[in-house]
Amino acid sequence: GAGVSQSPRYKVAKRGQDVALRCDPISGHVSLFWYQQALGQGPEFLTYFQNEAQLDKSGLPSDRFFAERPEGSVSTLKIQRTQQEDSAVYLCASSLYTGGAEAFFGQGTRLTVV
Amino acid sequence: KQEVTQIPAALSVPEGENLVLNCSFTDSAIYNLQWFRQDPGKGLTSLLLIQSSQREQTSGRLNASLDKSSGRSTLYIAASQPGDSATYLCAVRNQAGTALIFGKGTTLSVSS
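Chains as they are written, first to last, in the working numbering: chain Y, 4 to 117; chain V, 16 to 127.
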């Protein structure tokens, strides 16, 4: 596709439920990022992939958060045993190469944990 | 740890005014700096990308400058329009290229 695509756009989960959020980056983009954005705040870095390798996961808030990109294209962010504080917009971005390339963001997935 | 600060947090101006949004960062060892626009309930739209070796970039009515040594960037918007109303976010890319660190944004409101 022409841009970064994320699905679903909205997700309501009951506390304790597991969720999986999908990101389709721009075709051919090497770098992929996941961010968490709380209401009224800037995006907070979660994790970074270069192709299929997860090179930085320093922003993942707990071991309930897990991300993968097994074939170096589509990525999935999984949150286990969701809690209310996980409610946020989850943004995915991709860039053509590592380093100084422009980053392009998807529309995000709004997760609400009830 | 890199910290990015944006001032002001909110700004209201009448249509036609020129305005400046400020961004500062604590660690000058960056790969590049990128300005984004975010409309309510939407994702981020890239406006301008400045590499660490550059001083400024221009696109239409937008001009962004970068002073890496002092840890500052400004986004200049000329002849503001109501359609410019949005939240503007500044982000610096770490030197390893593995993360963009964002400020909290400046919410701009342009009245007609």
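Positions of the beta carbon are idealized from the N, C-alpha and C atoms, including for glycine.
For clarity, every value in this text was computed on a predicted model and none was experimentally measured.
For residue 71 of chain Y, no chain V residue has a Cβ inside 8 Å of its Cβ, as the nearest lies near 17 Å away.
For residue 72 of chain V, the three-state secondary structure derived from DSSP is strand. Proximity of residue 34 of chain Y to chain V, defined by a Cβ-Cβ separation below 9 Å, is satisfied. Residue 46 of chain V reaches chain Y at 102, 103, counting residues in chain order whose Cβ is nearer than 7 Å.
Note that the C-beta distance between residue 47 of chain Y and residue 62 of chain Y is below 9 Å. At the C-beta level, residue 22 of chain Y and residue 58 of chain V stay beyond 9 Å of one another. A Cβ of chain V is located within less than 9 Å of the beta carbon of residue 7 of chain Y. Scanning chain V for C-beta atoms nearer than 7 Å to the C-beta of residue 108 of chain Y yields 58, 59, reported in chain order.
Excluding its 5 nearest sequence neighbours in each direction, residue 83 of chain Y has C-beta neighbours in its own chain below 6 Å: 21, 67, listed in chain order. Excluding residues up to 5 positions away in sequence, 17 lie with their Cβ nearer than 7 Å to the Cβ of residue 42 of chain V in the same chain.
For the 9 Å CB-CB criterion, residue 101 of chain V and residue 76 of chain V do not form a contact.
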